[in-house]
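K.L.:
Residue numbers (full-length UniProt numbering): 1 to 105.
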């Protein structure tokens, strides 16, 4: 996992979801790649996906269950998980998450 993204544009307006429980900013790379970088505060939420996503966790701890899975999986800083396009995932944030969401096209 890289520690920084060079030569990027950042959308100034924050993405604020679930009454402030999730806050992120969109980062656009020179090659057209789009990512979001943010935090999810302790909560239980459901996210819907359009594009496939790779959620890279920099810090924190959570449990997730991707739509169609019966079991919960635990992830923490230094790990990542994938969510397919046009799906959803439940997340229970056990410790505030610092994350990067990589959109897969």
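Every residue, glycine too, gets a C-beta built ideally from N, C-alpha and C.
So, under 8 Å CB-CB, residue 162 and residue 43 are touching, yes? Tell me the CB distance rounded to an integer number of Å.
P.N.:
Outside the shown range of the chain, which is 1 to 105, sits residue 162, and nothing can be said about it.
K.L.:
Have a look at residue 45 and residue 30 and give me their C-alpha separation to the nearest angstrom.
P.N.:
Roughly 32 Å separates the two Cα atoms.
K.L.:
Return the first residue and the last residue of the beta strand (DSSP E) that residue 48 is part of.
P.N.:
Unbroken beta strand (DSSP E) run through residue 48: 44 to 48.
K.L.:
Just tell me which of 79, 48, 74 has its CA closest to the CA of residue 67.
P.N.:
When each option's Cα is compared against that of residue 67, the closest is 48.
K.L.:
Name the DSSP beta bridge partners of residue 66, please?
P.N.:
89, per the DSSP bridge assignment.
K.L.:
Measure the CB-CB distance between residue 25 and residue 33 and report whether it falls below 8 Å.
P.N.:
No; because the gap between Cβ atoms is not below 8 Å, this pair is not in contact.
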